[in-house]
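Numbering (this note's numbering), first residue to last: 4 to 343.
We treat Cβ as the ideally placed atom computed from N, Cα and C, and that holds for glycine.
Since we're looking at a predicted model, the values are computed, not measured.
Single-structure report; data block below.
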């Protein structure tokens with residue numbers, strides 16, 4: 004970052020030309036920045052879709068959502084202060100000239116804007132989960148209450164940070180050393196917080212042995228993209244280390260969580276396949292037994308019919324014999340009468 008704030012400027016009102024704050028980027032770097040911004044923001048879309056599709060947030064840690072929401076807002080405050088002179092420069096030169104210098108800012112703010120509603124989705128669908136699971140209703144209601152408490156903390160903290168940031172810039176100026184120290188302090192808090200950001204989710208996934216409603220495609224985009232994101236923020240956008248360090252810490256944990264989720268996903272898939280094969284074998288066995296019963300019944304019927312035929316044949320033979328004997332007796336009587 005071409006940082007004129009380190010020079011004689013303490014009050015943005017005394018600066019006549021903000022063009023010195025713009026970062027010069029090549030076409031390739033601008034294209035990379037746009038791709039990183041779109042990829043980072045778009046990576047949360049699969050998570051939205053999975054929550055909507057499953058109508059559930061089972062398997063998602065509210066503590067990870069809480070920490071992530073705070074971290075992203077801390078990063079938003081941090082980059083807003085450091086990029087405030089650039090924002091003022093946009094009013095002088097227009098967005099077409101300052102836009103490339105704001106790519107890092109747009110990306111970070113965009114991440115916060117698209118992730119924050121996930122907290123509301125968690126509150127909405129966690130309430131539905133507690134109503135649909137009467138056996139664990141008491142436990143889920145405690146978690147639901149905790150989620151609301153954490154959500155209120157986020158809202159209060161965000162409002163306090165906005166007030167302090169606006170007051171500091173208005174009172175001291177964006178380039179004042181104290182203002183910049185405050186921005187760095189916010190960034191380092193986010194970095195420290197990021198060391199624990201995904202640990203609750205890693206623990207919950209390990210405990211449940213399933214991905215649940217957590218989106219694997221989201222992490223498949225974020226984990227590799229996180230490395231590109233850190234590179235862009237640190238070496239292309241020239242953001243302060245307190246800005247990009249938080250994303251580097253989070254990316255390491257994302258890789259750990261991704262490996263864990265993939266392991267349980269394929270393990271669960273394998274178990275379902277085995278279960279399905281066993282069910283098919285059981286169905287085939289039942290069908291085979293039913294076929295055997297049908298064949299046995301058919302054989303019994305055929306044997307019964309055969310026996311009836313044989314009995315009927317024997318009866319006919321006996322009747323025929325009796326008739327023959329009767330005929331022989333009549334013939335014998337006639338012959339005897341003739342002789343007499």
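Given residue i as reference, the closest of the options once Cα atoms are compared
i           : options               : result
residue 247 : 274, 110, 94 and 88   : 110
residue 41  : 258, 251 and 225      : 225
residue 112 : 72, 94, 148 and 142   : 72
residue 37  : 49, 159, 104 and 282  : 104
residue 31  : 240, 259, 256 and 307 : 240
residue 218 : 245, 185, 262 and 187 : 262
residue 210 : 45, 63 and 33         : 63
residue 242 : 283, 185, 268 and 78  : 78
residue 90  : 213, 142, 59 and 108  : 108
residue 128 : 281, 160, 260 and 59  : 59
residue 47  : 120, 35, 274 and 180  : 120
residue 249 : 258, 259 and 229      : 229
residue 52  : 95, 35, 221 and 141   : 221
residue 87  : 170, 177 and 313      : 177
residue 256 : 309, 141, 194 and 301 : 194
Residue interval of the alpha helix (DSSP H) (run including residue i)
i           : result
residue 74  : 65-85
residue 217 : That residue, residue 217, is in no alpha helix (DSSP H); it is neither H nor E in DSSP.
residue 39  : 30-45
Cβ-based neighbour list, residue i, same chain, cut-off 6 Å, excluding 5 preceding and 5 following
i           : result
residue 237 : 247
residue 253 : 197 and 200
residue 9   : In this predicted model, residue 9 has a pLDDT of only 46, less than 50, meaning its place in the structure is not dependable; the value taken from the coordinates is given anyway. Cβ within range, chain order: n/a, list empty.
residue 190 : 81, 245 and 246
residue 212 : 267
residue 347 : Here the chain comprises residues numbered 4 to 343, so residue 347 is not present and cannot be evaluated.
residue 124 : 54
residue 215 : 61 and 62
residue 57  : 216
residue 258 : 226
residue 161 : 76
residue 141 : none
Own chain residues within Cβ distance below 7 Å of residue i, not counting five before or after
i           : result
residue 67  : 200, 201, 203 and 204
residue 101 : 25, 89, 92 and 93
residue 153 : 65 and 69
residue 114 : 43, 44 and 75
residue 181 : 175
residue 6   : With a pLDDT of 47 at residue 6, under the threshold of 50, the predicted position of this residue should be treated as unreliable, though the coordinate-derived value follows. Same-chain partners within the cutoff: there are none.
Neighbourhood of residue i by C-beta distance below 8 Å, restricted to the same chain and skipping five residues each side
i           : result
residue 206 : 64
residue 311 : none
residue 165 : 80
residue 223 : 261
residue 167 : 185
residue 33  : 103 and 106
residue 264 : 208, 214, 217, 219 and 222
Residue i beta carbon near the ligand SAH (any heavy atom closer than 7 Å)
i          : result
residue 65 : Among the components of this structure there are no ligands whatsoever, and the ligand SAH is therefore not found.
Whole alpha helix (DSSP H) elements within the segment 164-210, 4-residue minimum: 180-197
Alpha helix (DSSP H) segments (min. 4 residues) lying fully within the segment 236-283: none
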